[in-house]
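Since the structure comes first, as structure tokens, the remarks are kept for the end.
2 protein chains.
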Amino acid sequence: MENKVYVVGMGPGKPEMMSREADRILKECDTIIGYTVYVDLLRPSYPGKEFLTTPMTQETRRCEMAFEEAAKGKKVAMVCSGDAGVYGMSGLMMEVGEAYPGIEVKVVPGITAALSGGAVLGAPLTHDFAVVSLSDRLTPWETIEKRLRCAAEGDFCICLYNPASKGRPDHLKRACDILLEVIPGERLCGTVENIGREGEGAKLYTLSQLRDAQVNMFTTVFIGNSMTKEIGGRLVTPRGYRI
Amino acid sequence: MENKVYVVGMGPGKPEMMSREADRILKECDTIIGYTVYVDLLRPSYPGKEFLTTPMTQETRRCEMAFEEAAKGKKVAMVCSGDAGVYGMSGLMMEVGEAYPGIEVKVVPGITAALSGGAVLGAPLTHDFAVVSLSDRLTPWETIEKRLRCAAEGDFCICLYNPASKGRPDHLKRACDILLEVIPGERLCGTVENIGREGEGAKLYTLSQLRDAQVNMFTTVFIGNSMTKEIGGRLVTPRGYRI
Chain D
17 MENKVYVVGM
27 GPGKPEMMSR
37 EADRILKECD
47 TIIGYTVYVD
57 LLRPSYPGKE
67 FLTTPMTQET
77 RRCEMAFEEA
87 AKGKKVAMVC
97 SGDAGVYGMS
107 GLMMEVGEAY
117 PGIEVKVVPG
127 ITAALSGGAV
137 LGAPLTHDFA
147 VVSLSDRLTP
157 WETIEKRLRC
167 AAEGDFCICL
177 YNPASKGRPD
187 HLKRACDILL
197 EVIPGERLCG
207 TVENIGREGE
217 GAKLYTLSQL
227 RDAQVNMFTT
237 VFIGNSMTKE
247 IGGRLVTPRG
257 YRI
Chain F
17 MENKVYVVGM
27 GPGKPEMMSR
37 EADRILKECD
47 TIIGYTVYVD
57 LLRPSYPGKE
67 FLTTPMTQET
77 RRCEMAFEEA
87 AKGKKVAMVC
97 SGDAGVYGMS
107 GLMMEVGEAY
117 PGIEVKVVPG
127 ITAALSGGAV
137 LGAPLTHDFA
147 VVSLSDRLTP
157 WETIEKRLRC
167 AAEGDFCICL
177 YNPASKGRPD
187 HLKRACDILL
197 EVIPGERLCG
207 TVENIGREGE
217 GAKLYTLSQL
227 RDAQVNMFTT
237 VFIGNSMTKE
247 IGGRLVTPRG
257 YRI
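Quick note, the sequences are listed as chains D and F, same order. As numbered in our numbering, residues 17 to 259 make up the first sequence, in order. As numbered in our numbering, residues 17 to 259 make up the second sequence, in order.
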């Protein structure tokens, strides 16, 4: 194939947390496309590029724009916060790309919030874990509830994305109520806000306390498994090494 | 605190897939400690450093060495393949670190195989997913079986780490048999070998076929959810956008 479009995971936001490969591709490309908030984070680091944005809910149009620009012969990067795949655009790019058979989609992974947020909290996700988004914009709430129950029954460490937004301020409370049917209220949990950006901060809770925690769309939530403990104010899930 | 030790996720192995932050810290440090195989991947890129290694099963000793070197005033990085947390050393470092209260553990995340392998296969983990290791070295097999069942019942995309090793060549077959109790045999799956290294390759299977796939300790396995499909030879899990 002649043309490629890149779907690039930019990590949590701090430019230094992007992979060197992602940075190189953004430097090489002509056009950077993404959701307005994330593109604005990149502008200062990549002068001279063409920046194209669409708001949230315009994801399909954003993908079409990427292919249209690539078809003109430009080197195009679609950027995603965190990873290119996990709640990112790589899947939709491949679906939309079926209409552009001459253009190959190349995926460049990035550090998703489960990893970057885990590093801020300590070491919550050292072993088997499940990631669940509480956004019901594209997923029925019943599916979300079922996944929460299954993750709790499997004693997975759980990482929750999108715990709240304007239209759904009580999703974390509802999720905790489901988890509390399986998991004891004293289970250790944590939240991380603004990972890799100004205002970064972590807090520890019990699951009962987490129910009433203040969260927003820039918060990532971690629920420990039955082995998770606190060490010096940090959330740590041991893997079972003998020490 | 005066002293810090860094636990650094180095990504899948290709130096360019490390974050710029991880690269900077390795360049700044005096001593790099890790499992022999991964340290050998780093040696050419970081000349002039002191490299210390211990074999697998010596993880606790490896952590103690990191703190002992840091206590001498050296800047020390403990490296892990993939992420610092996910099946990495950050948790054990915090446990061992309780004996070294003057030394702070700083975690530097990296791209774990679920993300880097997903990028090679296409876009399998675009939505809720579960990660399970099939290694029973530190986890009872019954726990692994339970997690597989729960992940299947929750219709999670599933990523399997450590699908085989010398002592346990049939773990993937046993895992597939459990998954097949819940998931139909035609469910799309994929494997990725040697992510970001020489010999990188991806293959698609059905779950029935995956049962007999050849895998080794450098293979990462992906099992799609009920929505996962193939697009142009790639494994893609749609998120439900209207296109």
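Don't be surprised by glycine CBs; every beta carbon is placed ideally from N, CA and C. Fair warning: this is a prediction, and the values are worked out from it, not measured in the lab.
Quick check: the Cα distance between residue i and residue j, rounded to an integer number of angstroms?
i: residue 227 of chain D; j: residue 127 of chain D; result: 27 angstroms
i: residue 203 of chain F; j: residue 245 of chain F; result: 9 angstroms
i: residue 16 of chain F; j: residue 162 of chain D; result: This structure leaves residue 16 of chain F out entirely; chain F is present only between 17 and 259.
i: residue 236 of chain F; j: residue 33 of chain F; result: 17 angstroms
i: residue 68 of chain F; j: residue 106 of chain D; result: 39 angstroms
i: residue 50 of chain D; j: residue 80 of chain D; result: 12 angstroms
i: residue 17 of chain D; j: residue 132 of chain D; result: Low local confidence applies: a pLDDT of 45 at residue 17 of chain D is under 50, so the model's placement there is unreliable, with the coordinate-based value given in what follows. Approximately 35 angstroms between the Cα atoms of the pair.
i: residue 211 of chain F; j: residue 136 of chain F; result: 8 angstroms
i: residue 160 of chain F; j: residue 120 of chain F; result: 33 angstroms
i: residue 175 of chain F; j: residue 113 of chain D; result: 25 angstroms
i: residue 63 of chain F; j: residue 36 of chain F; result: 17 angstroms
i: residue 173 of chain D; j: residue 155 of chain D; result: 21 angstroms
i: residue 216 of chain D; j: residue 196 of chain F; result: 43 angstroms
i: residue 98 of chain F; j: residue 98 of chain D; result: 15 angstroms
i: residue 76 of chain D; j: residue 70 of chain D; result: 10 angstroms
i: residue 260 of chain F; j: residue 110 of chain F; result: Since the first residue shown for chain F is 17 and the last is 259, residue 260 of chain F is missing from the structure and cannot be characterised.
i: residue 141 of chain D; j: residue 147 of chain F; result: 10 angstroms
i: residue 139 of chain D; j: residue 231 of chain D; result: 21 angstroms
i: residue 255 of chain F; j: residue 104 of chain F; result: 29 angstroms
i: residue 31 of chain D; j: residue 233 of chain F; result: 32 angstroms
i: residue 191 of chain D; j: residue 169 of chain D; result: 14 angstroms
i: residue 206 of chain F; j: residue 240 of chain F; result: 8 angstroms
i: residue 74 of chain D; j: residue 52 of chain D; result: 11 angstroms
i: residue 130 of chain D; j: residue 96 of chain F; result: 17 angstroms
i: residue 199 of chain D; j: residue 188 of chain D; result: 15 angstroms
i: residue 260 of chain F; j: residue 179 of chain F; result: Since the first residue shown for chain F is 17 and the last is 259, residue 260 of chain F is missing from the structure and cannot be characterised.
i: residue 247 of chain D; j: residue 257 of chain D; result: 16 angstroms
i: residue 209 of chain F; j: residue 218 of chain F; result: 6 angstroms
i: residue 177 of chain F; j: residue 54 of chain F; result: 17 angstroms
i: residue 66 of chain D; j: residue 39 of chain D; result: 16 angstroms
i: residue 251 of chain D; j: residue 229 of chain D; result: 17 angstroms
Only counting the same chain, and skipping five residues up and downstream in sequence, which positions put a Cβ closer than 6 angstroms to that of residue i?
i: residue 85 of chain F; result: 47 and 92
i: residue 82 of chain D; result: 21, 49, 92 and 94
i: residue 144 of chain F; result: 172
i: residue 224 of chain D; result: 201
i: residue 27 of chain D; result: 33, 34, 126 and 127
i: residue 157 of chain F; result: none
i: residue 57 of chain F; result: 29
i: residue 167 of chain D; result: 146 and 174
Going by DSSP, which residues form a beta bridge with residue i?
i: residue 139 of chain D; result: D:252
i: residue 102 of chain D; result: Per DSSP, none; premise fails for residue 102 of chain D.
i: residue 209 of chain D; result: D:217 and D:235
i: residue 70 of chain D; result: D:51
i: residue 184 of chain F; result: F:181
i: residue 146 of chain D; result: D:174 and F:146
i: residue 35 of chain D; result: F:35
i: residue 122 of chain D; result: D:22
i: residue 204 of chain D; result: D:222
With H, G and I counted as helix, E and B as strand and the rest as coil, what does DSSP make of residue i?
i: residue 20 of chain F; result: strand
i: residue 52 of chain D; result: helix
i: residue 167 of chain F; result: helix
i: residue 27 of chain F; result: strand
i: residue 247 of chain F; result: strand
i: residue 45 of chain F; result: coil
i: residue 94 of chain D; result: strand
i: residue 131 of chain F; result: helix
i: residue 283 of chain D; result: In the structure as shown, chain D begins at 17 and stops at 259. Residue 283 of chain D is therefore absent and cannot be evaluated.
i: residue 224 of chain D; result: helix
i: residue 108 of chain D; result: helix
i: residue 58 of chain D; result: helix
i: residue 242 of chain D; result: coil
i: residue 113 of chain D; result: helix
Got a sec? Which residues, its chain only, sit under 7 angstroms from residue i by beta carbon, not counting five neighbours each side?
i: residue 100 of chain F; result: 23, 24, 25, 106, 123, 124, 125 and 126
i: residue 182 of chain D; result: none
i: residue 243 of chain F; result: 253 and 254
i: residue 44 of chain F; result: 91
In its own chain, which residues sit with a C-beta less than 8 angstroms from the C-beta of residue i, not counting the 5 before and 5 after it?
i: residue 184 of chain D; result: 150, 151 and 152
i: residue 19 of chain F; result: 86, 87, 89, 118, 119 and 120
i: residue 116 of chain D; result: 83, 86 and 87
i: residue 41 of chain F; result: 22, 24, 93 and 124
i: residue 108 of chain D; result: 75, 76 and 79
i: residue 72 of chain F; result: 51
Determine the chain C residues that contact residue i at a beta-carbon separation under 9 angstroms, and present them in chain order.
i: residue 83 of chain D; result: Chain labels in this structure do not include chain C; the protein chains are D and F.
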